[in-house]
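S.K.: Pasting a structure below so you can have a look.
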């Protein structure tokens, strides 16, 4: 069993197209967590870009999981660009950020743990959504 005081702060970063169904986000999350043997209850919070603040699927996912959903501006997320596993020109053109899921996960893990964060699950992609998991100890 992991000691709570030493357990890393695990957060999921999400990006999605407008109108993406919550079922897509949930399937992507469960697939990624299962592949890396991480239980849902180990996730502390969700993160995305502030332009998705009103995205129903993100809000519904956070409610279903009982997790806080935090948002960051493209300027805040830009600081994590050197740590991204993939830089998407399309994401940059739409959001001003080269990787919403990864940079949001890194930003929130770092903020919550007050320690440097690293990607534990790099960008996972479905047709309408991306997901990444970051942790900080």
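In the UniProt record's numbering, the protein residues as written are 1 to 137. Where a beta carbon is used, it is the ideal one built from N, C-alpha and C, also for glycine. Keep in mind the model is a prediction, meaning the values are calculated, not measured.
Nearest to residue 123 by alpha carbon, out of 7, 9 and 16?
M.R.: The residue with the shortest Cα to Cα distance from residue 123 is 16.
S.K.: Between residue 109 and residue 79, is the Cβ-Cβ spacing less than 8 Å?
M.R.: No. Outside cutoff.
S.K.: Relative to the C-alpha of residue 68, which residue among 118, 117, 81 and 13 is closest?
M.R.: Closest by alpha carbon: 13.
S.K.: Going by DSSP in three states, residue 2 sits in which element: helix, strand or coil?
M.R.: Residue placement at residue 2 cannot be trusted, given a pLDDT of 44 that sits under 50; what the coordinates show is reported in the next sentence. The answer is coil: DSSP assigns residue 2 none of H, G, I, E or B.
S.K.: According to the neighbour-count rule (16 or more other Cβ atoms, all chains shown, within 10 Å of its Cβ), is residue 75 buried or exposed?
M.R.: Per the 10 Å Cβ criterion, exposed.
S.K.: Going by DSSP, which residues form a beta bridge with residue 118?
M.R.: Residue 118 is bridged to 135.
S.K.: Please return the same chain residues whose Cβ sits closer than 6 Å to the Cβ of residue 4, not counting the five positions on each side in sequence.
M.R.: Because the pLDDT at residue 4 is just 48, under 50, the model does not fix this residue reliably, and the value given afterwards should be weighed accordingly. Around residue 4: no qualifying Cβ.
S.K.: Look at the alpha carbon of residue 11 and the alpha carbon of residue 83, and state the distance between them as a whole number of angstroms.
M.R.: Each residue's Cα considered, the two are about 16 Å apart.
S.K.: Is residue 50 helix, strand or coil when you go by DSSP?
M.R.: Note: residue 50 maps to helix in three-state DSSP.
S.K.: Let me make sure I understand the geometry here. Which of 7, 23 and 28 has the alpha-carbon closest to that of residue 121?
M.R.: Looking at the Cα atoms, 28 is the closest of the given residues.
S.K.: From residue 1 to residue 111, what does the alpha carbon distance come to, in whole angstroms?
M.R.: Low confidence applies to residue 1: its pLDDT is 40, below 50, so where it sits in the model is not reliable enough to give any reading.
S.K.: State the DSSP-derived secondary structure class of residue 68, mapped to helix, strand or coil.
M.R.: In this structure, residue 68 counts as strand in the three-state DSSP scheme.
S.K.: So the candidates are 126, 125 and 81; which of them puts its Cα closest to the Cα of residue 104?
M.R.: It is 81.
S.K.: Would you kindly work out how many angstroms separate the C-alpha atoms of residue 34 and residue 94, rounded to a whole number?
M.R.: One C-alpha to the other measures close to 30 Å.
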